[in-house]
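Per the numbering used here, residue 44 is the first one in the sequence shown, and the count goes up by one each step. We put the beta carbon where it would ideally sit given N, CA and C, even for glycine. In this text, all values refer to a predicted model and were calculated from it rather than measured experimentally. These notes concern the structure reproduced below.
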Amino acid sequence: MKPAFNNRIAILAYALSICVVTSAVAQEWVMSRDHHSWGRFSKGSWKQVRVLTDVLNENGEVTSTSKVETTSQIIDRLGDTFALEIDVKTIVGERAFESPTQKVKREYQGKGKITISAPIDRATLEISGTMIQVEIREVTLVTKNERRVSQIHYSPDLAPFIFKRSTKAYDAENKLRYETNMSVEEFGIAHKVVGETHRVAMIKTVHEQNGTNRITEELFSEKVPGGVISHTSTDIDQKTKRVTKRSKLEIIDFAVGNNGGKRKENKEGKPGKPKVKPESDNESGSE
């Protein structure tokens, strides 16, 4: 396999992790489907984002830049699961690549056995002048190869619902795989989202794994499928303190249900896609 192709695959995987996985990891546990960044939206809802990524060398010089446009649409909801259809276009240099459409099935709670404690304490957080009552809980997720232990500050009433989270993940031999700390830094701030004014939260996440710290600051709106409307992310080598990668995500367009988008000529669901059959008040019965 050619190095350029390998590099393109790596960039695509990284961009997909930002577009799709980031918010899912931040919501590794939710009390109900309506608290999930995708779960509260009906079938047919979609979001289109653009991610710009720079890879830097040891001298801090940019060695490659990519642009990835990703459109994610809910195509099914059934019980504790939902399915997304994902279209990706990658631009590296002067070349553009369109990847085959992917269909991804996810569980709102994640895979594995989940143990959720009763509230072990309660607290009041003051964020941007707002007093937020939270429950402090412990959540443990166990899979075949991993055990993940989190302490969360949870509000049942206010999005993004989890206002602080500290997570440690261990492998099958009980060795630490990674550590993540997340907190809502600002709350209820006005921000323009595709021409609309939303009240959003600014969330900061520090993820430590394999000798790299990834620092992400994102804006979250509960009115947008997937939640995240913009973010910046920086990868820092723990030993050298050198920035190795940085990215910026921005929203292009979105729609709830089959109500069309704000900027797209095609109003029949997702850009360039046929309209998804609306669902009834109950979940879809298809797989």
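Check: How many angstroms separate the CA atom of residue 242 from the CA atom of residue 291?; Outcome: 21 Å
Check: To which residues of the same chain is residue 275 closer than 6 Å at the C-beta, ignoring the five residues directly before and after it?; Outcome: 260, 291
Check: At which residue ranges does the segment 187-243 contain complete beta strand (DSSP E) runs of 3 or more residues, listed in the order of the chain?; Outcome: 189-197, 205-214, 219-236
Check: With 16 other CB atoms within 10 Å as the buried threshold, where does residue 338 fall?; Outcome: In the structure displayed, the chain extends from 44 to 330; residue 338 sits before or after that span and is not available.
Check: Nearest-angstrom Cα distance between residue 224 and residue 118?; Outcome: 32 Å
Check: What did DSSP end up calling residue 274 once you bin it into helix, strand or coil?; Outcome: strand
Check: Give the DSSP bridge partners of residue 290, in chain order.; Outcome: 96, 276
Check: Return the chain-ordered list of same chain residues with a C-beta closer than 8 Å to the C-beta of residue 126, the five sequence neighbours on each side being excluded.; Outcome: 117, 118, 119, 120, 146, 147, 148, 149
Check: In three-state terms, what does DSSP make of residue 123?; Outcome: coil
Check: Among the residues of its own chain, which have a CB less than 7 Å from the CB of residue 67, if the five just before and after it don't count?; Outcome: Its pLDDT being 37, under 50, residue 67 is placed unreliably in this model, and the value from its coordinates should be taken loosely. Excluding residues within five positions, the ones whose Cβ falls inside 7 Å are 149.
Check: Candidates 103, 86, 74, 79: which alpha carbon is nearest residue 300's?; Outcome: 86
Check: Which residues mark the beginning and the end of the beta strand (DSSP E) in which residue 84 is found?; Outcome: Where residue 84 is concerned, there is no enclosing beta strand (DSSP E), given that its DSSP letter is neither H nor E.
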